[in-house]
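Respectively, the protein sequence lines represent chains A and B.
Just so you know, we're using our numbering here: the first sequence kicks off at 224 and counts up by one.
Just so you know, we're using our numbering here: the second sequence kicks off at 224 and counts up by one.
No residue lacks a Cβ here, since even glycine has one placed at the ideal position from N, Cα and C.
There are 2 protein chains.
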Amino acid sequence: MNSILLPSRGRVTISEVASAAGVSKASVSRYIGGDRQLLAEATAERIAQTIERLGFRPNQMARGLKRGRTRLIGMLVADILNPYSVAVMHGVETACQRHGYTLVVCNTNRDDEQECRHLAALQSYNVEGLIVNTLGHHAGELKDLQNRLPLVLVDRQMEGFEADLVGLDNTQAVRQAIDHLQQRGYRDLLLVSEPLDGTSSRQERAQAFRTQIAANPSLKGRLLETNGDFTAKLKTFLTEPGPGPKAVFAANGMAALTSTASLRELGCRLFEDIGLIALDDLDWYPLVGNGGITALAQPTEAIGITALEYLLARLNGSRSAAQRMAFPAELRIRGSTQPRIS
Amino acid sequence: MNSILLPSRGRVTISEVASAAGVSKASVSRYIGGDRQLLAEATAERIAQTIERLGFRPNQMARGLKRGRTRLIGMLVADILNPYSVAVMHGVETACQRHGYTLVVCNTNRDDEQECRHLAALQSYNVEGLIVNTLGHHAGELKDLQNRLPLVLVDRQMEGFEADLVGLDNTQAVRQAIDHLQQRGYRDLLLVSEPLDGTSSRQERAQAFRTQIAANPSLKGRLLETNGDFTAKLKTFLTEPGPGPKAVFAANGMAALTSTASLRELGCRLFEDIGLIALDDLDWYPLVGNGGITALAQPTEAIGITALEYLLARLNGSRSAAQRMAFPAELRIRGSTQPRIS
DNA sequence: GCGTTGGTTGAAACCGGTTTCAGGAGATCA
DNA sequence: TGATCTCCTGAAACCGGTTTCAACCAACGC
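Okay, structure coming up:
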């Protein structure tokens with residue numbers, strides 16, 4: 224028993240606890256590792272008291288080293304300023320907490336290089352699994368990573384990359400939007416989307432919109448991206464002749480913000496002059512225009528929780544084939560699509 | 224030289240690199256640790272190639288163990304669904320990235336117990352420093368923690384707890400708001416705040432409001448918290464007689480949301496019927512009412528960056544006394560406080 | 001030719017835990 | 001009484017790195 228114990232960097236270590244309790248490191252380790260049935264009642268009690276008295280907290284890094292379990296989950300978020308991402312992250316965090324994991328979040332700022340760097344960093348911290356909201360440009364790295372760790376995609380998938388995916392049922396959501404608009408008397412629709420840069424969810428929504436409009440002869444539909452001089456492009460749509468009342472379908476929260484701002488700028492009143500429905504339901508939707516913006520809410524909390532549960536399932540090895548969960552959106556009708564009385 | 228090398232858990236280790244390159248672990252360690260001037264040119268080159276060939280990534284956990292440097296920074300956020308917190312976090316992350324740190328974020332969900340648990344967790348992961356947006360109820364734990372790690376508070380301070388603090392100059396911001404409202408002809412002011420539960424920034428804003436109203440005989444001022452039946456309380460304010468035009472001052476983004484919603488509910492038009500100014504500047508402020516909501520924007524990015532820089536200064540030991548940085552707010556005038564023509 | 005010096009290198013201890021393995025103390029059985 | 005079987009425990013190896021320390025080699029000065 225060595226009597227000289229240097230408290231390293233101020234923190235109590237397992238060796239100090241061991242010698243203070245008059246037992247071996249192994250016993251203390253067994254105690255904190257939950258192998259308590261291996262210990263005699265009296266020993267366990269003595270260790271418990273010593274730990275309490277010294278305020279010992281095991282060093283998770285050291286534990287992870289030998290054990291392979293760091294209890295860390297990594298999450299890669301494309302844009303942390305996007306409320307959708309934060310909401311999903313909140314769900315993931317809730318689930319992590321529930322299962323005793325800690326979440327490490329990295330924000331790529333929609334930057335390819337940062338995505339790469341952060342993937343490497345998370346790996347080097349021995350996260351046990353990854354939840355990825357990817358830009359979709361690093362199939363190689365991701366495939367490589369998937370061989371090492373369980374990995375679940377959120378919202379966005381990737382061409383030629385087999386992995387669990389949790390997100391929205393985009394086709395169904397677009398159908399709900401179009402159906403609702405049509406039912407409310409709109410005939411000339413404009414899908415507003417952030418730039419179609421390869422982000423799969425945006426592509427899917429755009430594609431579903433095109434397909435469904437093409438299949439519906441009574442409707443006309445166009446697609447506008449929010450880059451360039453969006454207001455000017457929007458104005459063109461507003462002045463163009465069409466088959467009937469016009470409505471905008473914003474493909475996500477950002478598009479809703481841009482659309483609403485541009486419509487205001489053009490002096491165009493929501494509902495009175497034009498219909499509006501938006502994917503995502505942000506907390507300010509009820510405050511805008513005449514009675515708020517009609518929304519298709521994503522179950523973000525559920526998406527986050529499910530993503531983590533898929534990950535845990537893989538960690539436990541209880542799954543093999545890539546699985547996909549597409550949640551339905553929930554329609555929340557507000558003033559921007561009130562029944563047209565015309 | 225041991226020829227049997229089991230690739231542990233699929234990842235390449237320093238020993239494998241060492242034996243593949245025909246050098247010792249020590250040399251490889253020196254190479255990745257940046258002590259390259261200790262190595263002969265040829266050796267360094269050989270190691271570089273081997274690392275590249277094998278795709279070796281050093282395990283940060285293992286490095287941190289002996290070295291004491293994990294290059295991890297912990298951040299405790301009171302409410303991740305609050306855009307203010309996310310914006311600050313974005314600043315912190317930017318700065319972390321710039322200095323080669325990785326950020327671990329924990330959300331306490333405004334829960335005391337979770338705050339405690341997360342503080343313990345972050346500590347057990349050997350973060351090198353902490354940025355804390357605390358609830359303000361755990362002076363004991365925090366003091367204890369401060370003895371072990373550098374720690375910087377964001378937005379919220381704590382009674383009897385000396386630490387670096389980065390946030391808004393609340394007194395000055397309240398002065399800007401009151402001055403602006405008075406200048407625009409408003410005389411009967413209502414400060415709307417989330418519940419004064421001890422959160423220091425809320426208290427400071429409320430206190431500054433009371434003080435400044437008391438010192439200004441031409442103004443009347445009341446304070447309302449957003450709990451209970453807020454709309455009813457707001458209605459009372461609106462119908463009460465006062466010394467002149469009424470205006471609401473929302474003490475943060477949440478209060479702005481609640482206030483705007485209740486005003487709508489009461490059929491009260493912004494600007495025409497009542498003035499509104501809000502602390503924080505959220506992206507939807509321009510879209511509401513007649514010309515948007517006037518805002519006092521916080522420099523959230525700068526707050527986050529500064530918080531991390533203070534932390535790094537402490538990590539380098541180049542600071543002793545607790546320091547405080549109070550940023551000014553920036554007034555952004557919009558429709559909700561247009562000049563009163565009356 | 002020999003002691004010094006400085007630049008490189010590897011063996012081994014170490015960080016703070018976990019895990020294997022062997023051994024000692026009782027209890028049970030023949 | 002001795003053999004066997006549990007149950008509990010500690011020594012030591014190990015995880016993947018870092019760091020100390022001593023040794024080696026070539027060049028240098030005298």
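Whose Cβ in chain A lies nearer than 7 angstroms to the Cβ of residue i?
i: residue 506/B; result: 480
i: residue 287/B; result: 284
i: residue 483/B; result: 510
Can you confirm whether residue i, when its beta carbon is compared against all beta carbons of chain A, has any partner nearer than 8 angstroms?
i: residue 425/B; result: no
i: residue 316/B; result: yes
i: residue 325/B; result: yes
i: residue 227/B; result: Residue confidence for residue 227/B is low, a pLDDT of 35 falling below 50, so the modelled location carries little weight; the figure read from the coordinates is stated next. By this cut-off, residue 227/B is not an interface position.
i: residue 343/B; result: yes
i: residue 487/B; result: yes
Of all the CB atoms in chain B, is at least one closer than 8 angstroms to the CB of residue i?
i: residue 522/A; result: no
i: residue 380/A; result: no
i: residue 346/A; result: yes
i: residue 237/A; result: no
i: residue 525/A; result: no
i: residue 555/A; result: no
i: residue 259/A; result: no
Would you report the Cα separation of residue i and residue j, rounded to the nearest angstrom?
i: residue 406/B; j: residue 517/B; result: 14 angstroms
i: residue 414/A; j: residue 401/B; result: 43 angstroms
i: residue 382/A; j: residue 362/A; result: 8 angstroms
i: residue 354/A; j: residue 437/A; result: 36 angstroms
i: residue 475/B; j: residue 370/B; result: 33 angstroms
i: residue 287/B; j: residue 283/A; result: 11 angstroms
i: residue 467/B; j: residue 489/B; result: 20 angstroms
i: residue 513/B; j: residue 482/B; result: 15 angstroms
i: residue 396/A; j: residue 551/A; result: 7 angstroms
i: residue 364/A; j: residue 546/A; result: 20 angstroms
i: residue 270/B; j: residue 324/B; result: 25 angstroms
i: residue 266/A; j: residue 242/A; result: 13 angstroms
i: residue 480/B; j: residue 260/B; result: 59 angstroms
i: residue 404/A; j: residue 375/A; result: 34 angstroms
i: residue 303/B; j: residue 462/B; result: 36 angstroms
i: residue 226/A; j: residue 285/B; result: For residue 226/A, the predicted structure reports a pLDDT of 34, less than 50, and the residue's modelled location is therefore unreliable. A value from the coordinates is still provided. Their Cα atoms are separated by approximately 27 angstroms.
i: residue 496/B; j: residue 486/B; result: 10 angstroms
i: residue 555/B; j: residue 390/B; result: 19 angstroms
i: residue 421/B; j: residue 358/B; result: 8 angstroms
i: residue 465/B; j: residue 313/A; result: 44 angstroms
i: residue 433/A; j: residue 439/A; result: 10 angstroms
i: residue 256/A; j: residue 247/B; result: 34 angstroms
i: residue 297/A; j: residue 291/B; result: 22 angstroms
i: residue 494/B; j: residue 333/A; result: 38 angstroms
Could you give the C-beta distance for residue i and residue j, rounded to a whole number, given that I count them as a contact under 8 angstroms?
i: residue 379/B; j: residue 347/B; result: Not confirmed; about 24 angstroms, so no contact.
i: residue 338/A; j: residue 295/A; result: Going by Cβ atoms, the distance from residue 338/A to residue 295/A rounds to 19 angstroms, so no, they are not a contact pair.
i: residue 392/A; j: residue 549/A; result: 4 angstroms
i: residue 524/A; j: residue 310/A; result: 7 angstroms
i: residue 398/B; j: residue 435/B; result: 6 angstroms
i: residue 318/A; j: residue 308/A; result: About 16 angstroms; that fails the 8 angstroms criterion.
i: residue 527/B; j: residue 315/B; result: 4 angstroms
Beta-carbon separation of residue i and residue j under 8 angstroms?
i: residue 553/A; j: residue 502/A; result: no
i: residue 456/A; j: residue 447/A; result: yes
i: residue 508/A; j: residue 542/A; result: no
i: residue 368/A; j: residue 388/A; result: no
i: residue 505/B; j: residue 373/B; result: no
i: residue 567/B; j: residue 409/B; result: Because chain B here runs from 224 to 565, residue 567/B falls outside it and cannot be looked at.
i: residue 478/B; j: residue 427/B; result: no
i: residue 278/B; j: residue 251/B; result: no
i: residue 498/B; j: residue 449/B; result: no
i: residue 356/B; j: residue 299/B; result: yes
i: residue 411/B; j: residue 443/B; result: yes
What does residue i touch in chain B if you count any residue whose Cβ is under 9 angstroms from its own?
i: residue 303/A; result: 309, 312, 313, 316
i: residue 280/A; result: 343, 346, 347
Report the neighbours of residue i on chain B: residues whose CB is nearer than 8 angstroms to its CB, in chain order.
i: residue 466/A; result: Chain B residues near residue 466/A: none, gap ~29 angstroms exceeds 8 angstroms.
Run through chain A and tell me which residues come within less than 8 angstroms of residue i, C-beta to C-beta.
i: residue 330/B; result: 313, 316
Show which residues of chain A have a CB atom less than 9 angstroms away from the CB atom of residue i.
i: residue 293/B; result: 284, 348
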